[in-house]
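*Asks:* Protein chains in written order, with our numbering: chain L, 1 to 560; chain A, 561 to 1115.
Cβ coordinates follow ideal geometry from the N, Cα and C atoms, glycine included.
All of these numbers come straight from a predicted model, not from anything done at the bench.
First the structure, then my questions, so here it is.
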């Protein structure tokens, strides 16, 4: 069984060349390089700079090779000493080998470096933003996993091609101009035809491809859709029926894809032909001038060796576009998301406010409506909590959990304000236990020592349970041992004990616990409230009785 | 579809198949590549011959050659691409249908118990990688070999020495290809594991951003991401050594071969134009062999994908279909009472994922199955809905032993709503209809949607039941998704509704609202719901509490 290999298999970073062809028109719509990348993501600057340097080195080395090769050919033809030109040529090939080695390594490095920088920056900003300013789950996951990954081939392959296209042709043309200006003129006159030709092909095929695009992407997505829906189809007894449909749709997909590919291949063949013919013109003209004796053999050889260098880097950008199309789009989305994040962060800055007493927690006229809804769940709620236990009560659905999240700063009130004297620690109804080991889960957000962890575990009465699991290193949560609801409630309370936050917010800490466990948890809560500000949402009267203050949300909110 | 369960067939997915289209594509590509080499060689010949200032007529052959080769290269390249891509797409269609057919009996139990959608995405991607190998590896490598051999043979005709140099160059490149392919392979598994870890950690952090903020765990969470990212960087960098080696040594080989050719050509006593041509051929050949760099990576990738696909498809189904077992007399259920007696079950045959459990459910009962992770809740549900065979004990449906009820018939009693319901890229109508064998009319569909609490949502849709959902259609929120799955169950009219953590990915408020609607919508039917949230069991007649087998404690 290799199931573990499958779980979380990384999404495919590059668009498939056979299932998702790029159509010529698409190239025109994607920004080749978004300068916001360098502005917004500091981690991307060095990789892009290095790629640029390598591009220039590669260009210079390529031009130099044309001269050395010419020298070798001339020496071989003229029967002169081959040693010196050979040494030059070999040296240049070695230099190019070093550059090629470094570029493959640096391209791979730069690709992951930028992709990981984007991912880290995205996650970091989401961890700073309140719940309503974060994108929805599906979009967030797409951006952080597939999106960031697809930037990798964009940086590693497309960007170097783009840089080469920017560096090599001008370098080749300038050199050609110095060596043999008539050839340079031919090249200068024909090179602009390449983008012009590409644009023409794009324009003439645009309507055709646009109408087909939706059909094509529907067909392309069909298999993924039915595979992802396989469990649903099988559970309703419709799995086997799909096999024939898949064969049929795949065949339609093949025909539609081939129509699009034919166009794409034709356009690249046309560009190659244009380049070939231009090089042939240079060769023939050079040949003719040589026969007239108006030119040196060396210059002629350099001209025919350099001329292709003016064309292929430009064609390669088109070819590499395929591996970059998704990355360029994802990059744009991620940068937009990051820039929105910067705005939101500056916006929310006024919310946090240190009070005279580090334990004070104040809500003033807080009203909150979920994004996209008109009716607020909370309306003009005010509350002041100081050191001690505040019990927050009220009927189900009145917004107690939402208020706790607002108090913790995880949600931003629609109107009104909150003031927190210090850090808060919120124990929600579905607390996070996905950090791995028992220790990792308990020390999340703290730097507690093992001794402190053991003491907290003892305080909540879980020492025996943890020992039975195998100690603090035992895995917990989704992939580890299960703990019962009562054990979980005490475990997350131990984490609250370990945190340094002067304000602790508890959402129904003893719901669904048997009376014995509840009594223990209540004791711990009252202990905690002696030193910190504790706000607990509860339906339990025994906990309400222990509270120093009771806030009834049902009474606060009159009209709903 | 019947599957022979007595023998495990070993699937061998081979990404490097020689088919008509790869051979034809390889030959056409070889001609295109050879034309490129010839273009450089004849250009060199032309220039040097011209420098002798002959009559223009003597140059005409070379001029025609330059033009012909310049034309042939794009034309043959175009043709090669059409042939090889068409072949790949045909191959893809075949393999997709075959893979799907093979997956059906393995679904859902053998797809893994968590993150099933990731596994399924992986299968689709891996299949694409395997098929793409023909375009990315087989055809380019074959083309390069053909072109190299043509170049070597033509060169031998002019000068056997330089021909030998070219042959040596080809052998060296072949060795280099093998070496760098091994380097790429060595790092492949590591890279894949590192990437999977990044996906896991990013998903965890993105999913739980609010939960992490609640407990001040942001810094810790970011450090997990850094660690996972650092591992991917190391693995990527390690893997790129294969490619880097090919790219660098290819240039060294080209340089050495060019110089060797220059020395041999100089001493050959051939015409000076031939000398120039012989010197230029190795350079042009080296450029043509540049495709090997990318091919090594694609090959390593495709082979990794093929291995994973084989491991997936080689599994034995988790349920035996009594209908396919020879000699077994079929039993048919009478009603749909469920009775489990000391049933145990295991997902992989290595352990007991469900401790001996007995359960009697009469038609119309509503039961919540609770318990911590690992206590066997989902395993129990999988046994109930006949996705997993019990390892021991007896399971009767409507009084008949399920080991004798044809699988399709037994499964038809259950409508399953899990935590990852899929919404297909089609209309609302088609999304619901798939649950109903009788192809319900619009009224029934509207009723089902209303029962699932989607009446308002439906009213808000511009095109009503024709509104397209899923990929490329209208977005569906987590709560809507869960409700659509409930609506399917309602429409299916199946007597038992089984819910596997249906609200696992929903926030507390939405989860409560969905559950309340589930209970009203399924009134009168048997309902079994698995949950690890104790709060969810309100509204159920009974609760079955499973205790964690590992911790051995129940509360």
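On the DSSP letters alone, give me the boundaries of the alpha helix (DSSP H) that residue 727 (chain A) sits inside.
*Replies:* Working through the second chain from its first residue, we reach residue 727 (chain A) at position 167. Annotation: the continuous alpha helix (DSSP H) that includes residue 727 (chain A) extends over 720-767.
*Asks:* So, are the CB atoms of residue 691 (chain A) and residue 648 (chain A) less than 7 angstroms apart?
*Replies:* Counting from one through the second chain, the residue named residue 691 (chain A) turns up at place 131. Counting from one through the second chain, the residue named residue 648 (chain A) turns up at place 88. For residue 691 (chain A) and residue 648 (chain A), yes; Cβs fall inside 7 angstroms.
*Asks:* Run the CB neighbour count on residue 802 (chain A), radius 10 Å, all protein chains shown included, and call it buried at 16 or more, exposed below.
*Replies:* Indexing the second chain from 1 puts residue 802 (chain A) at position 242. By the neighbour-count rule (16 or more Cβ atoms within 10 Å), residue 802 (chain A) is buried.
*Asks:* Residue 189 (chain L) to residue 626 (chain A), Cα distance in whole Å?
*Replies:* For this step, residue 189 (chain L) is matched to residue 189 along the first chain. For this step, residue 626 (chain A) is matched to residue 66 along the second chain. Approximately 20 angstroms between the Cα atoms of the pair.
*Asks:* For residue 965 (chain A), I'd like the list of residues in its chain whose CB is within less than 8 angstroms of its CB, leaving aside the five on either flank, ordered along the chain.
*Replies:* To locate residue 965 (chain A), count along the second chain from 1; it is residue 405. Same-chain partners within the cutoff: 882, 890, 891, 892, 893, 957.
*Asks:* Bridge partners for residue 177 (chain L) per DSSP, in chain order?
*Replies:* Mapped onto the first chain, residue 177 (chain L) falls at position 177. Residue 177 (chain L) is not bridged to any residue.
*Asks:* Would a check of beta-carbon distances place residue 1091 (chain A) closer than 7 angstroms to chain L?
*Replies:* Stepping through the second chain from its first residue, residue 1091 (chain A) is reached at position 531. No, residue 1091 (chain A) does not count as interfacial toward chain L.
*Asks:* Evaluate contact between the region 719-737 of chain A and the region 871-882 of chain A, counting only Cβ atoms and requiring at least three cross-stretch pairs below 8 angstroms.
*Replies:* Pairwise C-beta distances place the region 719-737 of chain A out of contact with the region 871-882 of chain A, as fewer than three of them are shorter than 8 angstroms.
*Asks:* Taking any Cβ of chain A, which residues in the region 63-83 of chain L have a Cβ under 7 angstroms from it, in chain order?
*Replies:* Hits within the stretch, in order: 69, 72, 73, 76, 77, 79, 82.
*Asks:* Give me the residue from L:308, L:396, L:440 with the minimum Cα distance to residue 603 (chain A).
*Replies:* Within the second chain, residue 603 (chain A) is the residue found at index 43, counting from 1. Measuring C-alpha to C-alpha distances from residue 603 (chain A) to each of L:308, L:396, L:440 identifies L:308 as the nearest.
*Asks:* Let me know if residue 1077 (chain A) comes out buried or exposed under the rule of 16 or more other beta-carbons within 10 Å of its beta-carbon.
*Replies:* For the purposes of this step, residue 1077 (chain A) is identified with residue 517 of the second chain, where counting begins at 1. By the neighbour-count rule (16 or more Cβ atoms within 10 Å), residue 1077 (chain A) is buried.
*Asks:* My output table needs one value for residue 231 (chain L): the three-state DSSP class, helix, strand or coil.
*Replies:* Along the first chain, read from residue 1 onward, the residue named residue 231 (chain L) stands at position 231. Three-state result, residue 231 (chain L): helix.
*Asks:* Quick check on residue 248 (chain L) - is its C-beta less than 7 angstroms from some C-beta in chain A?
*Replies:* By 1-based counting over the first chain, the position of residue 248 (chain L) is 248. Chain A, which has no Cβ nearer than 7 angstroms to the Cβ of residue 248 (chain L), makes this no.
*Asks:* Looking at the structure shown, is residue 185 (chain L) part of a helix, part of a strand, or coil, going by DSSP?
*Replies:* Position 185 of the first chain holds residue 185 (chain L). Note: residue 185 (chain L) maps to helix in three-state DSSP.
*Asks:* Hey, how far is the Cα of residue 451 (chain L) from the Cα of residue 475 (chain L)?
*Replies:* For this step, residue 451 (chain L) is matched to residue 451 along the first chain. For this step, residue 475 (chain L) is matched to residue 475 along the first chain. Each residue's alpha carbon lies about 19 angstroms from the other.
*Asks:* Taking residue 650 (chain A) as the query, report the chain L residues whose CB atoms sit under 8 angstroms from its CB, ordered along the chain.
*Replies:* For this step, residue 650 (chain A) is matched to residue 90 along the second chain. Chain L residues near residue 650 (chain A): 254.
*Asks:* Any heavy atom of the ligand ADP closer than 6 angstroms to the Cβ of residue 95 (chain L)?
*Replies:* The ligand ADP is not part of the structure shown, which contains no ligands of any sort.
*Asks:* List the residues of chain L that residue 637 (chain A) touches, going by C-beta distances under 9 angstroms, in chain order.
*Replies:* The residue you call residue 637 (chain A) lines up with position 77 of the second chain. Within chain L, the residues 265, 268, 269, 272 have their CB atoms less than 9 angstroms from the CB of residue 637 (chain A), given in chain order.
*Asks:* Count the C-beta pairs between the region 395-408 of chain L and the region 369-381 of chain L that are closer than 8 angstroms, then say yes if the count reaches three, no if not.
*Replies:* yes
*Asks:* What's the gap between the Cα of residue 52 (chain L) and the Cα of residue 819 (chain A)?
*Replies:* Locating residue 52 (chain L) in the first chain gives position 52, where the first residue counts as 1. Locating residue 819 (chain A) in the second chain gives position 259, where the first residue counts as 1. Near 31 angstroms, if we compare the C-alpha coordinates of residue 819 (chain A) and residue 52 (chain L).
*Asks:* Hey, how far is the Cα of residue 543 (chain L) from the Cα of residue 463 (chain L)?
*Replies:* Position 543 of the first chain, counted from the first residue, corresponds to residue 543 (chain L). Position 463 of the first chain, counted from the first residue, corresponds to residue 463 (chain L). Between residue 543 (chain L) and residue 463 (chain L), the C-alpha separation is close to 24 angstroms.
*Asks:* From residue 156 (chain L) to residue 746 (chain A), what distance separates their C-alpha atoms?
*Replies:* Here residue 156 (chain L) refers to the residue found at position 156 of the first chain. Here residue 746 (chain A) refers to the residue found at position 186 of the second chain. Between residue 156 (chain L) and residue 746 (chain A), the C-alpha separation is close to 21 angstroms.
*Asks:* At which residues does the beta strand (DSSP E) containing residue 362 (chain L) begin and terminate?
*Replies:* One-based indexing of the first chain puts residue 362 (chain L) at position 362. 361-368 is the extent of the beta strand (DSSP E) around residue 362 (chain L).
*Asks:* Please look up how many angstroms separate the CB atoms of residue 297 (chain L) and residue 72 (chain L), rounded, as I've assumed it's under 8 angstroms.
*Replies:* Taking the first residue of the first chain as 1, we reach residue 297 (chain L) at position 297. Taking the first residue of the first chain as 1, we reach residue 72 (chain L) at position 72. Contact doesn't hold; Cβ gap of about 13 angstroms is too wide.
*Asks:* Looking at C-beta atoms only, is the number of pairs between the region 589-598 of chain A and the region 635-642 of chain A that lie closer than 8 angstroms three or more?
*Replies:* Counting Cβ pairs under 8 angstroms, three or more are found: they touch.
*Asks:* Going straight from the alpha carbon of residue 351 (chain L) to that of residue 363 (chain L), what length do you get?
*Replies:* What you label residue 351 (chain L) is simply residue 351 of the first chain in a count that begins at 1. What you label residue 363 (chain L) is simply residue 363 of the first chain in a count that begins at 1. Low confidence applies here, because residue 351 (chain L) scores a pLDDT of 48, under 50, leaving its location unreliable; read the following figure in that light. Distance between the alpha carbons of residue 351 (chain L) and residue 363 (chain L): 11 angstroms.
*Asks:* For residue 136 (chain L), does the three-state DSSP call read helix, strand or coil?
*Replies:* The residue labelled residue 136 (chain L) in the question sits at position 136 within the first chain. Look at residue 136 (chain L) here: in three-state DSSP terms it is coil, with no helix or strand label.
*Asks:* In the DSSP assignment, find the unbroken beta strand (DSSP E) run with residue 503 (chain L) in it and report its ends.
*Replies:* In the first chain, residue 503 (chain L) corresponds to position 503, counting from 1. Taken as a continuous stretch (DSSP letters only), the beta strand (DSSP E) holding residue 503 (chain L) covers 503-507.
*Asks:* Are the C-beta of residue 188 (chain L) and some C-beta of chain A separated by less than 7 angstroms?
*Replies:* The count along the first chain starts at 1 and reaches residue 188 (chain L) at position 188. No, residue 188 (chain L) lies away from the interface with chain A (no Cβ there is under 7 angstroms from its Cβ).
*Asks:* Going by DSSP in three states, residue 265 (chain L) sits in which element: helix, strand or coil?
*Replies:* Along the first chain, one-based indexing puts residue 265 (chain L) at 265. Residue 265 (chain L): helix per DSSP, three-state reduction.
*Asks:* Which parts of the region 1042-1070 of chain A are runs of the beta strand (DSSP E), unbroken and 3 residues or longer, counting only runs that do not cross its ends?
*Replies:* 1056-1060
*Asks:* Check the DSSP bridge columns for residue 927 (chain A) and list the partner residues they point to.
*Replies:* What you label residue 927 (chain A) is simply residue 367 of the second chain in a count that begins at 1. Partner(s): A:1088, A:1102.
*Asks:* Between which two residues does the beta strand (DSSP E) harbouring residue 955 (chain A) extend?
*Replies:* As a working note, residue 955 (chain A) is residue 395 in the second chain. Its beta strand (DSSP E) spans residues 952-957.
*Asks:* Output yes or no for whether 7 angstroms exceeds the beta carbon distance between residue 160 (chain L) and residue 107 (chain L).
*Replies:* As a position in the first chain, residue 160 (chain L) is number 160, starting the count at 1. As a position in the first chain, residue 107 (chain L) is number 107, starting the count at 1. A contact, by the Cβ cut-off of 7 angstroms.
*Asks:* Residues of chain A with CB under 9 angstroms from residue 461 (chain L), in chain order?
*Replies:* Residue 461 (chain L) sits at position 461 when you count from the first residue of the first chain. Contact of residue 461 (chain L) with chain A by beta-carbon distance below 9 angstroms is absent, the smallest such distance being about 12 angstroms.
*Asks:* Give the straight-line distance between the Cα atoms of residue 371 (chain L) and residue 98 (chain L), rounded to the nearest whole angstrom.
*Replies:* Here the question's residue 371 (chain L) lines up with position 371 in the first chain. Here the question's residue 98 (chain L) lines up with position 98 in the first chain. Taking C-alpha positions only, residue 371 (chain L) is separated from residue 98 (chain L) by approximately 56 angstroms.
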